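Student:
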Amino acid sequence: MNLSFTLAMARREGRASWRRIGLYMFSISIGVAALVAINGFRGDVANAIRDQSRNLLGADLELRSRRPFPDSVRAVLDSMTARGTPVAYVTSFGSMALARRSGLTRLVNVRGVTGGYPYYGTIDTDPPGLWTTLQDDRRALVDPAVLVQLDARLGDTLSIGEVRFVIIGTLARVPGEVSLRSALGPRVYIPGRYLDDTGLLTFGSRAFYTAYLRFADAGGVERFLNRHNALFESQRVGYDTVSEREEELTESLDMLARYLGLVGLVALILGGIGVASAVNVFVKDKLATVAVLRCVGATQRTVFGVYVLQAALMGLVGAAAGALVGVAVQRTLPVLLADFLPLEVQPSLDGGAIVAGLGIGVWVAVLFALLPLLAVRDVTPLRALRREEEGDRPRRDLVRFAAYLALGATVLLLSLWQAPATGAGIAFAVAIGATTVVLGGLAWALTRATRRYFPRRAPYVVRQGIANLFRPHNQTVAVTLAVGFGVFLLGTLAVVQQNLLDAITVDTGPGRANLVVFDIQEDQRAGVEDLVHERGVEAPAMTPIVPARIARLNGRTTDEIAADSAGVRPARWALRREYRNTYRDTLVRTERLVAGAWWDEPGRGGRRSSSGLPRVSVEEGLLQELRLGIGDRITWDVQGVEVETEVASVREVNWARFEPNFFVVFEPGVLEQAPKSFVTLTRVGDPTTRAELQRDMVLRYPNISAIDLTLLQQTLDTLLGSVALAIRFMALFSIASGGIVLFGAIATSRFQRLRESVLLKTLGARARQVIKILVTEYLALGTLAGLTGALLAGAAGWALTTFFFRLDFRLAPLPLLVLTLAVVAAATVIGVLNSREVFRRAPLAVMREMGE
14 MNLSFTLAMA RREGRASWRR IGLYMFSISI GVAALVAING FRGDVANAIR DQSRNLLGAD
74 LELRSRRPFP DSVRAVLDSM TARGTPVAYV TSFGSMALAR RSGLTRLVNV RGVTGGYPYY
134 GTIDTDPPGL WTTLQDDRRA LVDPAVLVQL DARLGDTLSI GEVRFVIIGT LARVPGEVSL
194 RSALGPRVYI PGRYLDDTGL LTFGSRAFYT AYLRFADAGG VERFLNRHNA LFESQRVGYD
254 TVSEREEELT ESLDMLARYL GLVGLVALIL GGIGVASAVN VFVKDKLATV AVLRCVGATQ
314 RTVFGVYVLQ AALMGLVGAA AGALVGVAVQ RTLPVLLADF LPLEVQPSLD GGAIVAGLGI
374 GVWVAVLFAL LPLLAVRDVT PLRALRREEE GDRPRRDLVR FAAYLALGAT VLLLSLWQAP
434 ATGAGIAFAV AIGATTVVLG GLAWALTRAT RRYFPRRAPY VVRQGIANLF RPHNQTVAVT
494 LAVGFGVFLL GTLAVVQQNL LDAITVDTGP GRANLVVFDI QEDQRAGVED LVHERGVEAP
554 AMTPIVPARI ARLNGRTTDE IAADSAGVRP ARWALRREYR NTYRDTLVRT ERLVAGAWWD
614 EPGRGGRRSS SGLPRVSVEE GLLQELRLGI GDRITWDVQG VEVETEVASV REVNWARFEP
674 NFFVVFEPGV LEQAPKSFVT LTRVGDPTTR AELQRDMVLR YPNISAIDLT LLQQTLDTLL
734 GSVALAIRFM ALFSIASGGI VLFGAIATSR FQRLRESVLL KTLGARARQV IKILVTEYLA
794 LGTLAGLTGA LLAGAAGWAL TTFFFRLDFR LAPLPLLVLT LAVVAAATVI GVLNSREVFR
854 RAPLAVMREM GE
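The sequence shown begins at 14 in my numbering and counts up by one.
1) By the 10 Å Cβ neighbour count, where 16 or more other Cβ atoms means buried, how is Pro81 classified, buried or exposed?
2) Any idea if Leu834 is buried or exposed, counting beta-carbon neighbours within 10 angstroms, 16 or more meaning buried?
3) Does the Cβ of Ala224 have 16 or more other Cβ atoms within 10 Å, making it buried, or fewer, making it exposed?
4) Following the continuous beta strand (DSSP E) through Leu566, name the residue where it begins and the one where it ends.
5) Where Leu846 and Ala332 are concerned, what is the direct C-alpha to C-alpha distance, given to the nearest angstrom?
6) Distance, Cα to Cα, Gly682 vs Ile643?
7) In or out: Tyr473 buried (at least 16 other Cβ within 10 Å) or exposed?
8) Thinking Arg390 and Phe467 are a contact (beta carbons under 8 angstroms), I'd like their distance in whole angstroms, please.
9) To the nearest angstrom, how far is it from the Cα of Val103 to the Cα of Gly251?
10) Just mark Pro157 as buried or exposed, buried being the case when its beta carbon has 16 or more other beta carbons within 10 Å.
11) With respect to the beta strand (DSSP E) encompassing Asp650, which residues constitute its N-terminal and C-terminal limits?
12) Measuring straight from C-alpha to C-alpha, what distance separates Thr183 and Met710?
13) Taking all protein chains shown into account, do 16 or more other C-beta atoms lie within 10 angstroms of the C-beta of Gln686, making it buried, or fewer, making it exposed?
14) Does Asp230 come within less than 8 angstroms of chain C when only Cβ atoms are used?
15) Buried or exposed, going by whether 16 or more other CB atoms sit within 10 Å of the CB of Val842?
16) For the beta strand (DSSP E) that Gly182 lies in, which residues bound it at each end?
17) Can you give me the C-alpha to C-alpha distance between Leu244 and Asp84, rounded to a whole angstrom?
18) Which of the three DSSP states is assigned to Tyr225 in this structure?
19) Using the DSSP secondary-structure output, state which residues sit across from Gly251 in a beta bridge.
20) Name the one or two DSSP bridge partners that Arg152 has.
21) Any contact between the region 118-126 and the region 202-209? By contact I mean 3 or more CB pairs, one from each, below 8 angstroms.
22) Examine the ligand FMN and report whether any of its heavy atoms sits within less than 7 angstroms of the Cβ of Ala456.
23) With DSSP as the reference, label Asn667 as helix, strand or coil.
24) CA-CA distance, Ser108 and Thr263?
25) Counting pairs of Cβ atoms below 8 angstroms between the region 91-99 and the region 691-706, do you hit three or more?
26) In the structure shown, what three-state DSSP assignment does Arg390 receive?
27) Could you check whether Pro433 and Val296 sit closer than 8 angstroms to each other, using their CB atoms as the reference points?
28) Any contact of the region 794-809 with the region 489-507, i.e. 3+ C-beta pairs under 8 angstroms?
29) Could you check the C-alpha separation between Ala311 and Ala280 for me, to the nearest Å?
30) Can you give, in chain order, each stretch of the alpha helix (DSSP H) that sits fully within the region 64-133 and has at least 4 residues?
31) DSSP three-state label for Glu672, please.
32) Expressed to the nearest angstrom, what Euclidean distance is found between the alpha-carbon atoms of Leu387 and Asp410?
33) Mind reading off the beta-carbon distance from Ile479 to Thr789? Whole number of angstroms is fine, and I expect it under 8 angstroms.
34) With DSSP as the reference, identify every bridge partner of Val654, one or two as the case may be.
35) With distances taken from CA atoms, which of Ser78, Arg119, Ala220 is nearest Ile173?
36) Residue ranges of each alpha helix (DSSP H) run of no fewer than 4 residues wholly in the region 314-389, ordered along the chain?
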């Protein structure tokens, strides 16, 4: 036997095999399409970042601070301006905006611009060209969402603080900005010279101050930073360069693409499972043909090579089809993910992604087909004369062990290649293996339980249909794995999304707050209470907020700690950030004491600490980041006054609840005389009254922000929906792959089903009885697949909600029920349609066809 014979036999067998296993190769196509699309998209994003990185920053250097630039930093910037280096300033903060015509209010992100920002790229407006005219007068450019939410239009007046601005146009695109960000705080650009006139930048206001510089030569940025880095570090002024912004964007967007790629990898593995199942049935039907080939002199290696080559050719065709689909999907992803992208991505043909997809598709097809194909090595020429027992088990040898090892290594390597980090890749590969084992085990257990405990007195058609799950060549486990994986992915997403939405849902029950008011100054408390009383609402309790920074930890300054390279240091963000602390004598309902003692615990906390220092209670996560424990000391810089405190207790805080939650709580008697602002939550039942109260609050106290929590919930719902849409899009690849496996599994066992149905009709069964048997079988098969996937989705949703998001879990049965019913319906419809030949043709004709 030679190569030409092997090729000829592979071609001949391939023509007869397309109807049996060719469909499964298109499940490989789905997985290849997902990988080609995602990896091509990653390349497009990398190219876009490389080409647009300067435009994304808008300058060569960005300096940023959470407080006004100190005089020392401002002097440096003024000197750069004097030397001819352009400097622009952008101050951004949240504030309430009032549309004068409609009387509606909305929390917006105000950005006051001074200078020629941006120096690179353009801010597109509608109508076009309005950015250059913004500085001419009291004008505003707004996100389109502002017009919708405030029922405003171009030419209307927008009140921001004490100043009224005319809306001249909307923002079409701002380089470097993500569209989803405007959902929580729509942007409003105004001339920077009017910021002081608004009266909004008062004590307690959270504002971000940014300076943008353009240098004449490439080395100017590095020289400038080397000269002034120590000053910026001491004054807590951060900075971004073009290269740093490019690196940050590349890393974050690449991580997004890789996580989506992992979902596509699931689709590819599902396709492999389908191939293995189909080839397993195909090989059993071809054992007599293999025995004949052995009789005429074909060696084991030749026969084995025929079918491996056939699988490789089919895999190549399936992978090629998948690559073409992937290129088409690649062009869709920039549109689908537009809300997540801060730049414009232009699709291009990525040869590397296509070649990788082709190679991986062929390899997976051959590898999954290899395990059942190894059975042909055990076929002897004597098999042509006698039928061996169907229960004979394949031999366990080194080749079979190597095939299993190669399969596991392939899944691991593909996971590592696609995952954003090594740990995530290993975890994903382990999860794939565990999920496969659990799905297969559940399918086996549920099938056995159904067989054992199903009522013996059930009608004949029901018993026959259920028994078909155990017939020779059944595809029960394969369908459960493939379709169950799809239900598992989408079900997990639905359960987690529902729990996240439940966590932010505003409770409409009596007494629960639905309006939050913050940035209240001390001299405004009485006026705010009067406004609330005028609307017939009970006066709410006000929570004080005192801004502070950490000056020392256990006597060491933050600069000393940051410069110390020995040992494990506290997190940089925890040392440098500005904290908004409070003081009170009781715990609130979103907190739970996990260590230490509260101030008023008799015999424990009812007295001063042994050191005589004021006591604080710290949130457990922050305490870990600071590398501190109970009894350690924290010195706070409270508006220039240092206050040394001792950690007395540790709290667990439920941050998902809409309550005034804080990292640090002081005991009473320490911060009462410090400068502070207030926040309060109240309940206003009538939506119209709530809107009128917001309007009156803005008119009387422009610096105060009043947010309707129901609107915030709707906004967060929109954000989660956008994120879920992107994940669902990739999960649909897995569903499509599972659907093909389902259809293929039913088609593969078509001949066995025809034989049984014909025998039943020959024995006198009516067409109606045969239909009922088929419907029962596919109902059971779909229920099995849907149920196992739904059970795993519930378990995975519980684990993610409880341990990753740290939220209380509530099972969402409706999405899981809908998914299960959809699977049951699909299995039943496909199965009955695929068996329609039983009813159209006479039994004798079908028996002749099967005997040929």
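By construction, the Cβ of each residue, glycine as well, lies at the ideal position given by its N, Cα and C atoms. Since the structure is predicted, the reported quantities are computational estimates derived from the model, not experimental observations.
Tutor: From the atom records:
1) As a working note, residue 81 is residue 68 in the sequence shown. Residue environment: Pro81 is assigned as exposed (fewer than 16 neighbouring CB atoms within 10 Å of its CB, all protein chains considered).
2) If you number the sequence shown from 1, residue 834 lands on position 821. With fewer than 16 Cβ atoms within 10 Å of its Cβ, Leu834 is classed as exposed.
3) Here residue 224 corresponds to residue number 211 of the sequence shown, with the count starting at 1. By the 10 Å Cβ count, Ala224 comes out buried.
4) Taking the first residue of the sequence shown as position 1, residue 566 is located at position 553. It spans 555-566 - the beta strand (DSSP E) in which Leu566 sits, taken as one unbroken run.
5) One-based indexing of the sequence shown puts residue 846 at position 833. One-based indexing of the sequence shown puts residue 332 at position 319. The straight-line gap separating the alpha-carbon atoms of Leu846 and Ala332 is approximately 28 angstroms.
6) Taking the sequence shown and counting its residues from 1, the one referred to as residue 682 is at position 669. Taking the sequence shown and counting its residues from 1, the one referred to as residue 643 is at position 630. Rounded to whole angstroms, Gly682 to Ile643 spans 20 angstroms at the Cα level.
7) As a first step, residue 473 must be located in the sequence shown, where it is residue number 460. Classification of Tyr473: exposed, given that the 10 Å Cβ count is below 16.
8) The count along the sequence shown starts at 1 and reaches residue 390 at position 377. The count along the sequence shown starts at 1 and reaches residue 467 at position 454. Separation of the CB atoms of Arg390 and Phe467 is rounded to 39 angstroms, and the pair is thereby denied contact status at 8 angstroms.
9) Your numbering for residue 103 matches position 90 in the sequence shown. Your numbering for residue 251 matches position 238 in the sequence shown. One alpha carbon belongs to Val103, the other to Gly251, and they sit about 15 angstroms apart.
10) Here residue 157 refers to the residue found at position 144 of the sequence shown. With fewer than 16 neighbouring CB atoms inside 10 Å of its own CB, Pro157 falls in the exposed class.
11) Residue mapping note: residue 650 aligns to position 637 of the sequence shown, counting from 1. In the DSSP assignment, Asp650 falls within the unbroken beta strand (DSSP E) covering 646-651.
12) By one-based count along the sequence shown, residue 183 stands at place 170. By one-based count along the sequence shown, residue 710 stands at place 697. Whole-angstrom Cα-Cα distance: 26 angstroms.
13) By 1-based counting over the sequence shown, the position of residue 686 is 673. Residue burial annotation: Gln686 is exposed, with fewer than 16 other C-beta atoms found within 10 angstroms of its C-beta.
14) The question asks about chain C, but that chain is absent: this structure has only one protein chain.
15) In the sequence shown, residue 842 corresponds to position 829, counting from 1. By the 10 Å Cβ count, Val842 comes out exposed.
16) Walking along the sequence shown from the start, residue 182 turns up at place 169. Where Gly182 is concerned, the enclosing beta strand (DSSP E) stretches over 176-186.
17) What you label residue 244 is simply residue 231 of the sequence shown in a count that begins at 1. What you label residue 84 is simply residue 71 of the sequence shown in a count that begins at 1. Leu244 and Asp84: Cα-Cα distance of roughly 11 angstroms.
18) The residue labelled residue 225 in the question sits at position 212 within the sequence shown. In the structure shown, Tyr225 sits in a strand (DSSP, three-state: E or B).
19) Translated into positions along the sequence shown, residue 251 becomes position 238. Residue pairing by DSSP places Gly251 opposite Arg77 in a beta bridge.
20) Taking the first residue of the sequence shown as 1, we reach residue 152 at position 139. Val179, per the DSSP bridge assignment.
21) Touching, yes.
22) Judged by which ligands are present, the structure shown has none, so any question about the ligand FMN falls away.
23) Residue 667 sits at position 654 when you count from the first residue of the sequence shown. Note: Asn667 maps to coil in three-state DSSP.
24) Position 95 of the sequence shown, counted from the start, is the residue given in the question as residue 108. Position 250 of the sequence shown, counted from the start, is the residue given in the question as residue 263. Cα-Cα distance, rounded: 32 angstroms.
25) The region 91-99 is not in contact with the region 691-706.
26) As a position in the sequence shown, residue 390 is number 377, starting the count at 1. Looking at Arg390 - three-state DSSP - the assignment turns out to be helix.
27) Your numbering for residue 296 matches position 283 in the sequence shown. Your numbering for residue 433 matches position 420 in the sequence shown. Their beta carbons are not under 8 angstroms apart, which means Val296 does not touch Pro433 by this criterion.
28) Yes, the region 794-809 touches the region 489-507.
29) Locating residue 311 in the sequence shown gives position 298, where the first residue counts as 1. Locating residue 280 in the sequence shown gives position 267, where the first residue counts as 1. Roughly 37 angstroms between the two C-alpha positions.
30) Listed in chain order, they are 84-95.
31) Numbered from 1 along the sequence shown, position 659 holds the residue referred to as residue 672. Residue state for Glu672 is assigned as coil, using DSSP reduced to three classes.
32) Walking along the sequence shown from the start, residue 387 turns up at place 374. Walking along the sequence shown from the start, residue 410 turns up at place 397. Approximately 10 angstroms, taken between the alpha carbons.
33) The residue given as residue 479 occupies position 466 in the sequence shown. The residue given as residue 789 occupies position 776 in the sequence shown. Confirmed, Cβ separation roughly 7 angstroms.
34) Your numbering for residue 654 matches position 641 in the sequence shown. The beta-bridge partner set that DSSP reports for Val654 consists of Val651.
35) As a position in the sequence shown, residue 173 is number 160, starting the count at 1. Answer by Cα proximity: Arg119.
36) Qualifying alpha helix (DSSP H) stretches, in chain order: 346-349, 364-386.
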